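A.B. asks: At position 57 of the sequence shown (counting the first as 1) the number is 108 in the numbering used here, and the numbers step up by one without a gap. After the structure tokens below, expect a handful of questions from me.
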Amino acid sequence: MRNTTTPSSGRRFGYTISILVNFFMIYVANNLLRWNVPFLTERFNECLWAITLSISVSIFIQFIHLFYDPKWFRRLMQAVANVFSLYSTYVFWRVFPLDLAENIARVVNLAIIIIMVLTALSIFIELGGAVRHYTKKAI
């Protein structure tokens, strides 16, 4: 088992691709209203900052992983990214910038709540994994 703090070239490539995809996602998110996506309302601007923040945190974390990549740290940083993801999902849920039929809106609303619960659960799972890998490394 490889026990180092620097990532392999394959992991570096993956992190680089992830950074590029996330920059593309920020571009898309910031242009959805201009592209007249039919089910988005102008209220999308009210949650765009949280979406951009969450994606930006992911980019920053992936950048850090290009240089420092032990397993415990990856798990800890994933927990941090999940906190920002949970917050942006919460903001989206509160604003709910979607123009949908009432029955579809209820289903989407429930799906967003389920996503938030699962994301919150994943935060604790990742933190537990970070502690487990850190203590395993220390032994």
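Yeah, the Cβ is synthetic: ideal placement off N, Cα and C, and Gly gets one too. Computed from a predicted structure; not experimentally measured.
Quick check on Leu91: does DSSP put it in helix, strand or coil?
C.D. replies: On the sequence shown, position 40 is the one that residue 91 refers to. Residue state, collapsed to three classes: strand.
A.B. asks: Which whole-angstrom value describes the C-beta separation of Arg94 and Val146, a residue pair presumed to lie in contact below a C-beta threshold of 8 Å?
C.D. replies: In the sequence shown, the residue the question calls residue 94 occupies position 43. In the sequence shown, the residue the question calls residue 146 occupies position 95. Right, their Cβ atoms sit about 5 Å apart.
A.B. asks: The alpha helix (DSSP H) with Ala80 in it runs from where to where?
C.D. replies: By one-based count along the sequence shown, residue 80 stands at place 29. Ala80 -> alpha helix (DSSP H) spans Ser60 to Asn82.
A.B. asks: For Phe124, which option in Phe90, Leu99 and Ile112 has the closest C-alpha, if you only look at C-alpha atoms?
C.D. replies: Working through the sequence shown from its first residue, we reach residue 124 at position 73. The shortest Cα separation from Phe124 among Phe90, Leu99 and Ile112 belongs to Ile112.
A.B. asks: If you draw a straight line from the C-alpha of Met52 to the C-alpha of Leu91, how long is it?
C.D. replies: Walking along the sequence shown from the start, residue 52 turns up at place 1. Walking along the sequence shown from the start, residue 91 turns up at place 40. Model confidence at Met52 stands at a pLDDT of 43, short of 50, so the residue's coordinates are unreliable and nothing is read from them.
A.B. asks: My assumption, with CB atoms under 8 Å, is that Leu137 sits in contact with Ala171. Please give the rounded CB distance.
C.D. replies: Translated into positions along the sequence shown, residue 137 becomes position 86. Translated into positions along the sequence shown, residue 171 becomes position 120. Between Ala171 and Leu137 the Cβ distance is about 6 Å, and since that is below 8 Å, they are a contact.
A.B. asks: Given Ser105, which residues of its chain have a CB within under 6 Å of its CB, disregarding the five upstream and five downstream residues?
C.D. replies: Your numbering for residue 105 matches position 54 in the sequence shown. For Ser105, where only same-chain residues beyond five positions count, the Cβ hits under 6 Å are Phe135, Ser136 and Ser139.
A.B. asks: Just list the residues that DSSP pairs Leu149 with in beta bridges.
C.D. replies: To locate residue 149, count along the sequence shown from 1; it is residue 98. DSSP lists Leu91 as partners of Leu149.
A.B. asks: For His116 and Ala152, what's the separation of their Cα atoms in angstroms?
C.D. replies: Here the question's residue 116 lines up with position 65 in the sequence shown. Here the question's residue 152 lines up with position 101 in the sequence shown. Rounded to whole angstroms, His116 to Ala152 spans 42 Å at the Cα level.
A.B. asks: Using only the alpha-carbon positions, how far apart do Asp150 and Ile70 sit?
C.D. replies: The residue given as residue 150 occupies position 99 in the sequence shown. The residue given as residue 70 occupies position 19 in the sequence shown. For Asp150 and Ile70, the distance between alpha carbons rounds to 31 Å.
A.B. asks: Rounding to the nearest angstrom, what Cα-Cα distance links Val182 and Ala132 in this structure?
C.D. replies: For the purposes of this step, residue 182 is taken as residue 131 along the sequence shown, with counting starting at 1. For the purposes of this step, residue 132 is taken as residue 81 along the sequence shown, with counting starting at 1. Taking the straight line from one Cα to the other gives about 17 Å.
A.B. asks: According to DSSP, simplified to helix, strand and coil, what is Trp191?
C.D. replies: No answer is possible for residue 191: the residues shown for the chain start at 52 and end at 190.
A.B. asks: Pull up the distance between the alpha-carbon of Ser59 and that of Ile68, whole angstroms please.
C.D. replies: Here residue 59 is taken as the residue at index 8 of the sequence shown, counted from 1. Here residue 68 is taken as the residue at index 17 of the sequence shown, counted from 1. Roughly 14 Å between the two C-alpha positions.
A.B. asks: Hey, would you say Ala130 sits closer than 7 Å to Leu178, going by beta carbons?
C.D. replies: The sequence position of residue 130 within the sequence shown is 79, counting from 1. The sequence position of residue 178 within the sequence shown is 127, counting from 1. For Ala130 and Leu178, yes; Cβs fall inside 7 Å.
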